[in-house]
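**Q**
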């Protein structure tokens, strides 16, 4: 079913319209903002994200997380955003359309509606999710943030991973690990997790590190590579000369 012409910024008429107010509340961060929203039902209903994220992408992703959580549509919204992000990478015309600074706002809005209307959304909540996607895209367009879309969606995925208790871990080695070594490494890394957390392990190979490994787990980063040790000693020797 075709989407209605321009979604009005009268957010009270939309079941998920508090997304706009939520974003504005998170973006302002001033005393005026605090006074404006302190008694607002929107501010009171904001859902706290599982982790704190920063920057423009973080503020928008946090507001979207809060709005989707209130509607109990987190997983479905994430799935739709991931599909849209994938489309941006493969559809060059869509990418050029979004990045084109010469196109009028209304033309972009109409184009985004057409894109949103073609997404295969869940049958039981198509209208809601369609509005979420369209409201989000229109909001980014209004604030000149469409070029930040990839980053915002990536941060939203990070919030969702934390929501599910997933802890991303990237291990870089100089040579590929055999199955036994990988199993042993995974068991060792899991010992650092809290109860209920899940390890998402990615192993990469980079011959440039010479030997050892580099481990990034959650917000921790440990460089145990031979290359880093060589650089450390080289710096010491250079400083001493």
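Numbering (my numbering), first residue to last: 3 to 243. Note that the Cβ used here is the ideal one computed from N, Cα and C, for glycine as well.
#1: Distance, Cα to Cα, residue 64 vs residue 89?
#2: Which two residues bound the contiguous beta strand (DSSP E) that contains residue 222?
#3: How about residue 141 and residue 169: do their beta carbons lie closer than 8 Å?
#4: Tell me whether the beta-carbon of residue 227 lies closer than 8 Å to the beta-carbon of residue 216.
#5: Can you list, in chain order, the stretches of the beta strand (DSSP E) that have 3 or more residues and sit fully within the region 129-195?
#6: So the beta strand (DSSP E) residue 204 belongs to, where does it begin and stop?
#7: Less than 8 Å separating the beta-carbons of residue 224 and residue 157?
#8: Does DSSP put residue 219 in a helix, a strand or coil?
#9: How many whole angstroms separate the CB atoms of residue 76 and residue 162, which I take to be in contact at a CB cut-off of 8 Å?
#10: If contacts are defined as beta-carbon pairs under 8 Å, then residue 59 and residue 154 qualify, I think. What distance do you get, rounded to the angstrom?
#11: Rounded to the nearest angstrom, how far is the Cβ of residue 219 from that of residue 176, given a contact under 8 Å?
#12: Is residue 205 near residue 184, with beta carbons less than 8 Å apart?
#13: In its own chain, which residues sit with a C-beta less than 8 Å from the C-beta of residue 99, not counting the 5 before and 5 after it?
#14: Note down, in chain order, each residue of its chain lying with its Cβ closer than 8 Å to the Cβ of residue 71, except the 5 sequence neighbours on either side.
#15: Among residues of its own chain, excluding the 5 on either side of residue 101, which ones have a beta-carbon nearer than 7 Å to its beta-carbon?
#16: Taking residue 187 and residue 179 to be in contact with their CB atoms under 8 Å, please state how far apart those CB atoms are, rounded to whole angstroms.
#17: Assign residue 214 to one of three DSSP states: helix, strand, or coil.
#18: Check this for me: beta carbons of residue 321 and residue 229, under 8 Å apart or not?
#19: Taking C-beta to C-beta, are residue 51 and residue 62 nearer than 8 Å?
#20: Could you tell me the distance, in whole angstroms, from the CA atom of residue 214 to the CA atom of residue 236?
#21: Once DSSP output is grouped into helix, strand and coil, what is the label at residue 2?
#22: Taking 6 Å as the limit between beta carbons, can you name the residues of its chain near residue 80, skipping five residues before and five after?
#23: What is the DSSP secondary structure of residue 123, reduced to helix, strand or coil?
#24: Within 10 Å of its beta-carbon, does residue 69 have 16 or more other beta-carbons around it, so buried, or fewer, so exposed?
**A** Inspection of the coordinates gives the following:
#1: Reading the chain shown from its first residue, position 62 is the one you call residue 64. Reading the chain shown from its first residue, position 87 is the one you call residue 89. Looking at the two C-alpha atoms, the distance is approximately 23 Å.
#2: Within the chain shown, residue 222 is the residue found at index 220, counting from 1. Element bounds for residue 222: 222-225.
#3: For the purposes of this step, residue 141 is taken as the residue at position 139 of the chain shown. For the purposes of this step, residue 169 is taken as the residue at position 167 of the chain shown. No, Cβ-Cβ distance for residue 141 and residue 169 is not below 8 Å.
#4: One-based indexing of the chain shown puts residue 227 at position 225. One-based indexing of the chain shown puts residue 216 at position 214. Yes, Cβ-Cβ distance for residue 227 and residue 216 is below 8 Å.
#5: Qualifying beta strand (DSSP E) stretches, in chain order: 168-175.
#6: Sequence index remark: in the chain shown, residue 204 carries index 202 (1-based). Unbroken beta strand (DSSP E) run through residue 204: 200-207.
#7: On the chain shown, position 222 is the one that residue 224 refers to. On the chain shown, position 155 is the one that residue 157 refers to. Their beta carbons are not under 8 Å apart, which means residue 224 does not touch residue 157 by this criterion.
#8: Position 217 of the chain shown, counted from the first residue, corresponds to residue 219. Note: residue 219 maps to strand in three-state DSSP.
#9: Against the chain shown, residue 76 aligns to sequence position 74. Against the chain shown, residue 162 aligns to sequence position 160. Confirmed, Cβ separation roughly 7 Å.
#10: Residue mapping note: residue 59 aligns to position 57 of the chain shown, counting from 1. Residue mapping note: residue 154 aligns to position 152 of the chain shown, counting from 1. Correct: roughly 5 Å between the Cβ atoms.
#11: The sequence position of residue 219 within the chain shown is 217, counting from 1. The sequence position of residue 176 within the chain shown is 174, counting from 1. Contact doesn't hold; Cβ gap of about 19 Å is too wide.
#12: Here residue 205 is taken as the residue at index 203 of the chain shown, counted from 1. Here residue 184 is taken as the residue at index 182 of the chain shown, counted from 1. Yes, these two residues count as a Cβ contact at 8 Å.
#13: Translated into the one-based positions of the chain shown, residue 99 becomes position 97. Within the same chain, Cβ atoms closer than 8 Å to the Cβ of residue 99 are found at 105, 110 and 113, the five residues on either side in sequence being excluded.
#14: One-based indexing of the chain shown puts residue 71 at position 69. In chain order, 49 place their CB closer than 8 Å to the CB of residue 71, counting only its own chain and leaving out the 5 sequence neighbours on each side.
#15: The residue you call residue 101 lines up with position 99 of the chain shown. Contacts found: 149.
#16: Here residue 187 is taken as the residue at index 185 of the chain shown, counted from 1. Here residue 179 is taken as the residue at index 177 of the chain shown, counted from 1. Rounded to whole angstroms, the Cβ separation of residue 187 and residue 179 is 7 Å, and the two are in contact under 8 Å.
#17: Residue mapping note: residue 214 aligns to position 212 of the chain shown, counting from 1. In the structure shown, residue 214 sits in coil (DSSP, three-state: anything other than H, G, I, E or B).
#18: The first residue shown for the chain is 3 and the last is 243, placing residue 321 beyond what the model contains.
#19: Counting from 1 along the chain shown, the entry for residue 51 is found at position 49. Counting from 1 along the chain shown, the entry for residue 62 is found at position 60. It is not a contact, given that the beta carbons lie outside the stated cut-off.
#20: Numbered from its first residue, the chain shown carries residue 214 at position 212. Numbered from its first residue, the chain shown carries residue 236 at position 234. Roughly 18 Å separates the two Cα atoms.
#21: Outside the displayed range of the chain (3 to 243) lies residue 2, so it cannot be described from this structure.
#22: Position 78 of the chain shown, counted from the first residue, corresponds to residue 80. Excluding residues up to 5 positions away in sequence, 162 lie with their Cβ nearer than 6 Å to the Cβ of residue 80 in the same chain.
#23: Your numbering for residue 123 matches position 121 in the chain shown. Residue placement at residue 123 cannot be trusted, given a pLDDT of 48 that sits under 50; what the coordinates show is reported in the next sentence. In the three-state reduction of the DSSP assignment, residue 123 falls in the coil class, being assigned neither a helical nor a strand state.
#24: Here the question's residue 69 lines up with position 67 in the chain shown. Residue 69 is classed as buried because its beta carbon has at least 16 other beta carbons within 10 Å across all chains shown.
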